[in-house]
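Trainee: Structure provided below as structure tokens; questions to follow.
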Amino acid sequence: MIAEDGKYGIADGIQSIKVVRAHAAEWGISPDRVVFMGFSAGGSIAEFASVQSDVSARPNYAAPIYGAPFPVPPIPKGVPPFFMEMAQDDTLAGPQIVAFYDALKAARYQPEFHIYSSGGHGWGMRKQGESSDHWIDDFYYWLEAQGLTRPRSQAQTGDAIFPKGELSTTKNHTGDIWLSELNVGDSTFDPSIAVATYGHGAKLDWHVHPGGQVLLITEGTGYYQERGKPVRIVHKGDVIKCAPGVEH
Numbered sequence: 075m076i077a078e079d080g081k082y083g084i085a086d087g088i089q090s091i092k093v094v095r096a097h098a099a100e101w102g103i104s105p106d107r108v109v110f111m112g113f114s115a116g117g118s119i120a121e122f123a124s125v126q127s128d129v130s131a132r133p134n135y136a137a138p139i140y141g142a143p144f145p146v147p148p149i150p151k152g153v154p155p156f157f158m159e160m161a162q163d164d165t166l167a168g169p170q171i172v173a174f175y176d177a178l179k180a181a182r183y184q185p186e187f188h189i190y191s192s193g194g195h196g197w198g199m200r201k202q203g204e205s206s207d208h209w210i211d212d213f214y215y216w217l218e219a220q221g222l223t224r225p226r227s228q229a230q231t232g233d234a235i236f237p238k239g240e241l242s243t244t245k246n247h248t249g250d251i252w253l254s255e256l257n258v259g260d261s262t263f264d265p266s267i268a269v270a271t272y273g274h275g276a277k278l279d280w281h282v283h284p285g286g287q288v289l290l291i292t293e294g295t296g297y298y299q300e301r302g303k304p305v306r307i308v309h310k311g312d313v314i315k316c317a318p319g320v321e322h
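Residue 75 is where the sequence shown starts when you use my numbering, and the numbers rise one by one after that.
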């Protein structure tokens with residue numbers, strides 16, 4: 075879909091997100107767990123809606139299936155996690171889908187991208203005896219990894235063991251992070267213990283801890299990386315030991 079020709083469709087897509095969030099309580103859904111899926115031109119709308127300037131009207135997750143924006147728009151900050159799929163023999167939108175993926179990667183995002191060996195364009199629910207027939211299974215596994223296939227945990231519903239704390243006003247991160255100090259190190263109990271709750275898309279700048287750090291992942295799914303090493307996807311229950319002086 076070309077942005078100018080599809081501007082009304084894109085506007086409808088953005089408005090639909092606003093309507094869903096406005097009626098979230100009435101409809102019994104979570105306003106911060108909105109997934110925007112679209113196929114072909116609908117996938118383009120999902121992509122444009124996810125990168126448009128009104129951050130509050132972007133979806134929380136985006137799943138464009140063989141959809142491509144024409145042209146590839148600038149990639150801003152705060153873009154939601156993406157799940158993308160296409161077939162290698164998609165001559166209609168394939169090159170532009172790859173270009174959009176490359177733009178997300180260049181902006182330092184990590185979209186999940188499945189490329190099937192064949193299937194053409196517009197396969198959707200049409201069975202062709204190809205691996206692309208099982209695209210919805212791959213999508214489910216991605217939803218599962220995002221924590222979206224199960225009800226909200228206690229921490230997500232506000233019944234967490236520890237308080238969420240105050241919104242951080244420091245300048246060492248992007249996005250919203252809440253901090254709750256549980257123990258400030260002293261001469262008797264040395265370790266400093268804090269709970270950090272990350273908003274959607276939030277991340278810390280590169281930094282070090284002279285004395286090292288142990289991270290206990292209590293909820294959700296996120297990313298951890300040490301300078302010069304691959305990114306790790308972390309999940310609830312993971313324990314990360316960061317050695318003293320290691321930039322991460």
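The beta carbon of each residue, even a glycine, is placed where N, CA and C say it ideally should be.
Touching or not, the segment 140–150 and the segment 213–224, by the rule of three or more beta carbon pairs under 8 Å?
Mentor: no
Trainee: What's the gap between the Cα of residue 185 and the Cα of residue 253?
Mentor: Counting from one through the sequence shown, the residue named residue 185 turns up at place 111. Counting from one through the sequence shown, the residue named residue 253 turns up at place 179. Answer to the nearest angstrom: the Cα atoms are 28 Å apart.
Trainee: Which same chain residues end up closer than 8 Å to residue 161 when comparing Cβ atoms and leaving out the 5 residues on each side of it in sequence?
Mentor: Translated into the one-based positions of the sequence shown, residue 161 becomes position 87. 140, 168, 189, 190, 191, 192, 193, 194, 195, 197, 204 and 206, listed in sequence order.
Trainee: What's the call for residue 93, buried or exposed, on a 16-neighbour Cβ count within 10 Å?
Mentor: Along the sequence shown, read from residue 1 onward, the residue named residue 93 stands at position 19. Residue 93 is classed as exposed because its beta carbon has fewer than 16 other beta carbons within 10 Å across all chains shown.
Trainee: As an exercise, report each continuous alpha helix (DSSP H) stretch of at least 4 residues that is fully enclosed by the segment 212–288, in chain order.
Mentor: none
Trainee: Should the segment 281–291 be regarded as contacting the segment 307–320, the criterion being three or more beta carbon pairs within less than 8 Å?
Mentor: yes
Trainee: Quick check: what's the CA-CA separation for residue 175 versus residue 113?
Mentor: Numbered from 1 along the sequence shown, position 101 holds the residue referred to as residue 175. Numbered from 1 along the sequence shown, position 39 holds the residue referred to as residue 113. Approximately 16 Å, taken between the alpha carbons.
Trainee: Considering only their Cβ atoms, is the gap separating residue 247 from residue 278 smaller than 8 Å?
Mentor: Position 204 of the sequence shown, counted from the start, is the residue given in the question as residue 278. Position 173 of the sequence shown, counted from the start, is the residue given in the question as residue 247. Yes.
Trainee: Check whether the Cβ atoms of residue 156 and residue 136 lie closer than 8 Å to each other.
Mentor: Walking along the sequence shown from the start, residue 156 turns up at place 82. Walking along the sequence shown from the start, residue 136 turns up at place 62. Yes, these two residues count as a Cβ contact at 8 Å.
Trainee: Would residue 18 be called buried (16 or more neighbouring beta carbons within 10 Å of its own) or exposed?
Mentor: The structure shown does not extend to residue 18, since the chain is modelled only from 75 to 322, so the question has no answer here.
Trainee: How long is the line joining the alpha carbons of residue 303 and residue 310, rounded to whole angstroms?
Mentor: Here residue 303 is taken as the residue at index 229 of the sequence shown, counted from 1. Here residue 310 is taken as the residue at index 236 of the sequence shown, counted from 1. Distance between the alpha carbons of residue 303 and residue 310: 21 Å.
Trainee: Can you tell me which of the three DSSP states residue 95 falls into?
Mentor: As a first step, residue 95 must be located in the sequence shown, where it is residue number 21. Helix.
Trainee: In this structure, how does DSSP classify residue 173 when only helix, strand and coil are distinguished?
Mentor: Mapped onto the sequence shown, residue 173 falls at position 99. Looking at residue 173 - three-state DSSP - the assignment turns out to be helix.
Trainee: Apart from the five residues on each side of it in sequence, which residues of its chain come closer than 8 Å, Cβ to Cβ, to residue 297?
Mentor: Residue 297 sits at position 223 when you count from the first residue of the sequence shown. Correct list, in chain order: 184, 277, 305, 306, 307 and 308.
Trainee: Determine the DSSP secondary structure at residue 181, reduced to helix, strand or coil.
Mentor: By 1-based counting over the sequence shown, the position of residue 181 is 107. Residue state, collapsed to three classes: coil.
Trainee: Give a yes or no on whether the C-beta atoms belonging to residue 251 and residue 268 are separated by under 8 Å.
Mentor: Indexing the sequence shown from 1 puts residue 251 at position 177. Indexing the sequence shown from 1 puts residue 268 at position 194. No; because the gap between Cβ atoms is not below 8 Å, this pair is not in contact.
Trainee: How should residue 164 be labelled, buried or exposed, when 16 other C-beta atoms within 10 angstroms of its C-beta is the threshold for buried?
Mentor: Here residue 164 refers to the residue found at position 90 when the sequence shown is read from its first residue. Buried: at least 16 other Cβ atoms inside 10 Å.
Trainee: Measure the beta-carbon distance from residue 132 to residue 154 and round it to whole angstroms, keeping in mind my assumption that it falls under 8 Å.
Mentor: Here residue 132 refers to the residue found at position 58 when the sequence shown is read from its first residue. Here residue 154 refers to the residue found at position 80 when the sequence shown is read from its first residue. Separation of the CB atoms of residue 132 and residue 154 is rounded to 6 Å, and the pair is thereby assigned contact status at 8 Å.
Trainee: Flag this pair as yes or no: are the beta carbons of residue 275 and residue 152 separated by less than 8 Å?
Mentor: Indexing the sequence shown from 1 puts residue 275 at position 201. Indexing the sequence shown from 1 puts residue 152 at position 78. Yes.
Trainee: Assuming residue 120 and residue 110 make a contact with CB atoms under 8 Å, what is their CB distance in whole Å?
Mentor: Sequence index remark: in the sequence shown, residue 120 carries index 46 (1-based). Sequence index remark: in the sequence shown, residue 110 carries index 36 (1-based). The pair is a contact, with the Cβ atoms about 4 Å apart (cut-off 8 Å).
Trainee: Once DSSP output is grouped into helix, strand and coil, what is the label at residue 135?
Mentor: Walking along the sequence shown from the start, residue 135 turns up at place 61. Here residue 135 sits in strand by DSSP.
Trainee: Just confirm the distance between the C-beta atoms of residue 259 and residue 266, as a whole number of angstroms; I'd bet it's less than 8 Å.
Mentor: For the purposes of this step, residue 259 is taken as the residue at position 185 of the sequence shown. For the purposes of this step, residue 266 is taken as the residue at position 192 of the sequence shown. With 8 Å as the limit, residue 259 and residue 266 qualify as a contact, their Cβ atoms being about 4 Å apart.
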